[in-house]
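Since the structure comes first, as structure tokens, the remarks are kept for the end.
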Amino acid sequence: MKLQLTILFSLLCLTVFGQKNNADKQEWKQLFNGKNLDGWDIKIRGYELNDNYNNTFRVEDGKMVVRYDKYDDFAQKYGHIFYKGDFSYYRVAVEYRFVGEQAPKGEGWAWRNSGVMVHGQPAATMGKDQDFPASIEVQLLGGNDKTRTTCNLCTPGTNVVIDGKLVTQHCVNSKSKTYNGDQWVRAEVLVLGDSLIQHFANGEMVLEYNKPQLGGGNLGGATDPEVKIAGKLLDHGSISLQSESHPVEFRKVEILDLKGCMDPKATNYKSYYMKADNSLCSYGKKK
Numbered sequence: 001m002k003l004q005l006t007i008l009f010s011l012l013c014l015t016v017f018g019q020k021n022n023a024d025k026q027e028w029k030q031l032f033n034g035k036n037l038d039g040w041d042i043k044i045r046g047y048e049l050n051d052n053y054n055n056t057f058r059v060e061d062g063k064m065v066v067r068y069d070k071y072d073d074f075a076q077k078y079g080h081i082f083y084k085g086d087f088s089y090y091r092v093a094v095e096y097r098f099v100g101e102q103a104p105k106g107e108g109w110a111w112r113n114s115g116v117m118v119h120g121q122p123a124a125t126m127g128k129d130q131d132f133p134a135s136i137e138v139q140l141l142g143g144n145d146k147t148r149t150t151c152n153l154c155t156p157g158t159n160v161v162i163d164g165k166l167v168t169q170h171c172v173n174s175k176s177k178t179y180n181g182d183q184w185v186r187a188e189v190l191v192l193g194d195s196l197i198q199h200f201a202n203g204e205m206v207l208e209y210n211k212p213q214l215g216g217g218n219l220g221g222a223t224d225p226e227v228k229i230a231g232k233l234l235d236h237g238s239i240s241l242q243s244e245s246h247p248v249e250f251r252k253v254e255i256l257d258l259k260g261c262m263d264p265k266a267t268n269y270k271s272y273y274m275k276a277d278n279s280l281c282s283y284g285k286k287k
């Protein structure tokens, strides 16, 4: 009898431990499949939605890349590739590097410059001649052998609050290290609705701010009246990657959803969720 109770107790512990591990296991979703651009939309300034001018965005050797080998003149053809979806509470991460030479006649400030846009307007609402989506930009910069931080903040059509004060300047530097050469860097962003956004460079938190909202400048060619409602808090939106005239490669683009079932009794409960949507809960038999 004592042996049976010992075995029963051990099985119970294993079951509870297994359920906890399952609830704690982070389920990152790969947004880029390493094969093609399925699930993505492309918008380049001066062109219609999904007109991939000069094959700017493409897949090479299992990486999503931005190339300008067919450009004679960049001519401010700023582009973005949007993942199809709308997101509010999540972590998004990219592993990127800059390579090669800048496109002919690219802007000087755009040398080794790209970005991850979060809380953005949908690609389909961008004007044909619009340069950037109204969004919060996590600016990615490559080093120039001087101090040049990455995972900075830029604000096309937006503003944020830092230390309780509304910030209206277009870009704010992070406290990251400088990453020179063609090395891979992991940029990660924690986005919690309209309350908090944090930037991470290679695992180090380098910038944080609150209350992302519409209202900034630097948004040429925008025609959607919704993006001009100054002061409107942004609690959800699109995710996109930039083309700003310097070749860049992304070997990974992934997201961890932080919104979902927060009922511990459900089979799909996750302890790391930060926003409840119990309409998603499942109560079937646990595997």
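Residue 1 is where the sequence shown starts when you use the working numbering, and the numbers rise one by one after that. C-beta atoms are modelled at their ideal positions from N, C-alpha and C, and glycine is treated no differently.
Query                                                                                                                                                                             : Result
Let me check one thing: in DSSP terms, what residues is residue 257 bridge-paired to?                                                                                             : 90
If distances are taken between C-alpha atoms only, which option among 204, 279, 271, 234 comes closest to residue 86?                                                             : 234
Whose C-alpha, out of 131, 134, 148, 84, is nearest the C-alpha of residue 37?                                                                                                    : 84
Identify every run of the beta strand (DSSP E) within the region 218–247, keeping only runs that are complete inside it and at least 3 residues long; order them along the chain. : 237–243
Three or more C-beta pairs closer than 8 Å, one from the region 258–278 and one from the region 89–97: is that the case here?                                                     : yes
I need the DSSP call for residue 115, collapsed to helix, strand or coil.                                                                                                         : strand
How is residue 53 classed by DSSP in three states: helix, strand or coil?                                                                                                         : helix
How about residue 242 and residue 135: do their beta carbons lie closer than 8 Å?                                                                                                 : no
Would you mind giving the Cβ-Cβ distance between residue 229 and residue 212, rounded to the nearest angstrom? I have them listed as a contact below 8 Å.                         : At roughly 13 Å, the Cβ-Cβ gap does not stay under 8 Å, so residue 229 and residue 212 are not in contact.
Using the Cβ count rule (16 or more neighbours within 10 Å means buried), how would you classify residue 282?                                                                     : exposed
Determine whether the beta carbon atoms of residue 295 and residue 98 lie at a separation below 8 Å.                                                                              : Residue coverage of the chain in this structure runs from 1 to 287, which leaves residue 295 outside it and unanswerable.
When the Cβ atoms of the region 24–36 are set against those of the region 48–64, are three or more pairs found closer than 8 Å?                                                   : yes
With a CB to CB cut of under 8 Å and the five nearest residues on each side skipped, what residues in its chain are close to residue 280?                                         : 260, 261, 268
Using the C-alpha atoms, what's the distance from residue 154 back to residue 147?                                                                                                : 18 Å
Quick test of the definition: if touching needs 3 or more C-beta pairs under 8 Å, does the region 271–280 touch the region 110–126?                                               : no
Measuring straight from C-alpha to C-alpha, what distance separates residue 57 and residue 126?                                                                                   : 18 Å
Residue 245 to residue 46, Cα distance in whole Å?                                                                                                                                : 15 Å
Using the C-alpha atoms, what's the distance from residue 48 back to residue 231?                                                                                                 : 29 Å
For residue 204, which residues from the same chain have a beta carbon less than 6 Å from its beta carbon, with the 5 sequence-adjacent residues on both sides left out?          : none
In its own chain, which residues sit with a C-beta less than 6 Å from the C-beta of residue 144, not counting the 5 before and 5 after it?                                        : none
Please say whether residue 43 and residue 54 have beta carbons closer to each other than 8 Å?                                                                                     : no
What is the DSSP secondary structure of residue 108, reduced to helix, strand or coil?                                                                                            : helix
Comparing alpha-carbon positions, which option in 186, 227, 22 lies nearest residue 215?                                                                                          : 227
So, helix, strand or coil for residue 178, using DSSP?                                                                                                                            : strand
So with Cβ pairs under 8 Å, would you call residue 141 a contact of chain D?                                                                                                      : The question asks about chain D, but that chain is absent: this structure has only one protein chain.
Leaving out the 5 sequence neighbours to the left and right, which residues in its chain are closer than 7 Å to residue 166 when beta-carbon positions are compared?              : 159
To the nearest angstrom, how far is the alpha carbon of residue 179 from that of residue 252?                                                                                     : 18 Å
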